[in-house]
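Chains A and B supply the protein sequences, listed in that same order.
Position 22 of the first sequence, counted from 1, bears residue number 22 in UniProt numbering, the numbering being contiguous throughout.
Position 87 of the second sequence, counted from 1, bears residue number 87 in UniProt numbering, the numbering being contiguous throughout.
Backbone N, C-alpha and C fix where the C-beta goes; we use that ideal spot for every residue, glycine too.
Note that the coordinates shown come from a computational prediction; the quantities given were computed from them, not determined experimentally.
Structure record follows, encoded as structure tokens.
There are 2 protein chains.
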Amino acid sequence: MLTSGDSAIADDEARSLDQGMLLGLMGRELRVTYLAVFRTIEERLDRLGITPQQFALLVVVERNPGARQTLLAKARGLDKSTLVPMIDRLERDGLLERRPLANDRRVRAIWITERGNEVLAAAIPVVRESDEIVRGSLTEAERAQLLNLMEKVRTGIEDRLSSPRGSGASA
Amino acid sequence: MLTSGDSAIADDEARSLDQGMLLGLMGRELRVTYLAVFRTIEERLDRLGITPQQFALLVVVERNPGARQTLLAKARGLDKSTLVPMIDRLERDGLLERRPLANDRRVRAIWITERGNEVLAAAIPVVRESDEIVRGSLTEAERAQLLNLMEKVRTGIEDRLSSPRGSGASA
DNA sequence: TATTGTTATACTCTATAACTATA
DNA sequence: TATAGTTATAGAGTATAACAATA
């Protein structure tokens with residue numbers, strides 16, 4: 001989880017510490033905002049027994065039935081070995097299942113189960129609702145602009161670094 | 001680190017997977033953007049032998065000489081126990097030091113060392129430069145707007161959830 | 001030879017709970 | 001009793017390298 005500390009010290013006292021040049025840095029603001037947003041989603045999804053990452057995987061599997069693990073890993077920006085315990089867990093919980101492929105016996109195609117679909121159906125409105133909360137104090141125009149600016153930032157990074165190795169920034 | 005997978009599968013093939021309702025979600029966009037930004041900073045700071053989190057701590061310590069660990073933990077949004085190994089490491093590397101406090105012998109005041117100041121002095125331009133890259137394709141107005149919108153998002157979350165426990169979202 | 005999925009392993013980041021030495 | 005810092009421990013989350021089965 002992502003809770004925060006003790007109670008002996010007043011938060012105000014801690015906030016009174018000088019943050020120096022940290023304030024206004026894009027990286028810092030993005031991180032703080034990202035963490036705040038993720039906490040709200042995490043908390044709500046937790047009641048359904050899944051994490052944001054598991055939710056994202058369920059979505060992708062549902063939209064791409066029978067995909068191979070390696071492909072799913074790529075799509076999620078993870079190493080193939082990282083996906084193994086993730087799918088183990090979801091399979092144990094009965095939300096996903098591995099099925100052998102007739103043509104290629106190395107492959108384990110991933111399918112969402114009925115139970116997985118139920119959880120997903122319950123989770124989607126929760127995620128949408130969380131997104132509403134996140135966008136709570138933004139107008140529709142501001143929301144579009146925020147998305148647009150973040151997209152620009154990412155494009156800018158890609159261009160400037162034009163990664164020699166093809167490592168995409170999925171998530 | 002935050003690298004990404006194998007090479008057997010074309011990135012395009014993976015990108016061709018349907019991401020469903022994930023696209024356009026604030027949480028997802030924030031995460032992807034945050035990760036992209038952090039990777040660029042991480043990579044550059046790595047050459048100086050420090051992580052972004054260590055850099056942030058150095059900044060705060062430098063600006064608040066002799067602060068207690070518990071206070072620093074709060075300021076960084078971490079548990080006091082989390083800060084211990086972090087400071088251990090920085091102390092071992094000779095960038096910070098713990099000094100006893102005359103009045104209260106429980107306290108270990110944290111100070112930046114000369115070496116720490118040197119590393120910090122080298123790191124600050126690196127961080128600023130990374131920030132330039134991040135803001136590369138934004139105009140000054142867009143940059144201000146992005147910061148403003150993220151601030152609004154955080155305020156919105158705080159308001160809507162108006163945390164009963166005082167858990168600030170530092171970082 | 002190359003690819004798929006798995007294992008074994010390790011490292012980072014974070015927290016909670018219990019402890020110590022003080023206050 | 002309460003606080004400052006520490007330890008012991010645990011759990012995510014992630015990766016790399018080596019491996020078996022299969023292509």
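{"Item": "Under a three-way DSSP split, which group does R108 of chain B fall into?", "Value": "strand"}
{"Item": "What residues are listed by DSSP as bridge partners for A67 of chain A?", "Value": "A:I110"}
{"Item": "Checking contacts by CB at 7 Å: is L149 of chain B closer than that to chain A?", "Value": "yes"}
{"Item": "Please check if any C-beta of chain B sits within less than 7 Å of the C-beta of N64 of chain A.", "Value": "yes"}
{"Item": "In angstroms with no decimal places, state the Cα-to-Cα distance between E42 of chain A and N103 of chain B.", "Value": "43 Å"}
{"Item": "State yes or no: is the beta carbon of G136 of chain A nearer than 7 Å to at least one beta carbon in chain B?", "Value": "yes"}
{"Item": "Restricting to runs no shorter than 4 residues, where is the alpha helix (DSSP H) found entirely within the region 124-169 of chain B?", "Value": "140-161"}
{"Item": "Under the three-state reduction of DSSP, which class applies to R98 of chain B: helix, strand or coil?", "Value": "strand"}
{"Item": "Taking the continuous alpha helix (DSSP H) assigned at L23 of chain A, which residues delimit it?", "Value": "First-last for L23 of chain A: undefined, no H or E at that position."}
{"Item": "Since V134 of chain A and V37 of chain A are thought to touch, with beta carbons under 8 Å apart, how far apart are those beta carbons, to the nearest angstrom?", "Value": "5 Å"}
{"Item": "Under 7 Å between C-beta atoms, does A109 of chain A make it to chain B?", "Value": "no"}
{"Item": "Helix, strand or coil: how does DSSP classify D93 of chain A here?", "Value": "coil"}
{"Item": "What residues from chain B crowd round M21 of chain A, counting only those whose CB sits closer than 7 Å?", "Value": "V59 and I124"}
{"Item": "Please compile the residues from chain A whose C-beta is within a distance smaller than 9 Å of the C-beta of T40 of chain B.", "Value": "G27, I157, R160 and L161"}
{"Item": "Return the Cβ separation of residue 175 of chain B and L71 of chain B in integer angstroms, given the expectation that the two are a contact with Cβ distance under 8 Å.", "Value": "Residue 175 of chain B lies beyond the range of chain B shown here (1 to 171); nothing can be said about it."}
{"Item": "Alpha carbon to alpha carbon, what distance is there between L96 of chain B and T33 of chain A?", "Value": "29 Å"}
{"Item": "In its own chain, which residues sit with a C-beta less than 6 Å from the C-beta of R68 of chain A, not counting the 5 before and 5 after it?", "Value": "V107"}
{"Item": "So is V84 of chain B buried or exposed if we call it buried at 16+ other beta carbons inside 10 Å?", "Value": "exposed"}
{"Item": "Between L95 of chain A and chain B, is there a C-beta pair that is closer than 7 Å?", "Value": "no"}
{"Item": "Give me the Cβ distance between residue 229 of chain A and L146 of chain A, rounded to the nearest whole Å; I'm assuming they're in contact under 8 Å.", "Value": "Here chain A has residues from 1 to 171 only, and residue 229 of chain A is not among them."}
{"Item": "In three-state DSSP terms, what is G77 of chain A?", "Value": "coil"}
{"Item": "Against chain B, does residue 201 of chain A count as a neighbour if the rule is that its beta carbon must be under 7 Å from one of theirs?", "Value": "Coverage of chain A is limited to positions 1 through 171, which leaves residue 201 of chain A absent and any answer about it impossible."}
{"Item": "Kindly list the residues whose CB is nearer than 8 Å to the CB of T82 of chain A, restricted to its own chain and excluding five residues on each side of it in sequence; keep chain order.", "Value": "A73"}
{"Item": "Which of helix, strand or coil does DSSP assign to R47 of chain B?", "Value": "coil"}
{"Item": "Give the residues of chain B in contact with R106 of chain A, contact being defined as C-beta atoms less than 9 Å apart.", "Value": "None at all; the shortest Cβ gap to chain B is about 12 Å."}
{"Item": "Rounded to whole angstroms, how far is the Cβ of L25 of chain A from the Cβ of D18 of chain B, which I believe are closer than 8 Å?", "Value": "About 35 Å separates the two Cβ atoms, so there is no contact after all."}
{"Item": "Using the Cβ count rule (16 or more neighbours within 10 Å means buried), how would you classify G49 of chain A?", "Value": "exposed"}
{"Item": "Within 7 Å of any Cβ in chain A, is that where the Cβ of I133 of chain B sits?", "Value": "yes"}
{"Item": "Please state the DSSP three-state secondary structure of N103 of chain A.", "Value": "coil"}
{"Item": "Excluding five sequence neighbours on each side, which residues of the same chain lie with their C-beta closer than 8 Å to the C-beta of V119 of chain B?", "Value": "L48, G49, I50, L58 and L95"}
{"Item": "Closest Cβ-Cβ distance between R31 of chain B and chain A: below 7 Å?", "Value": "yes"}
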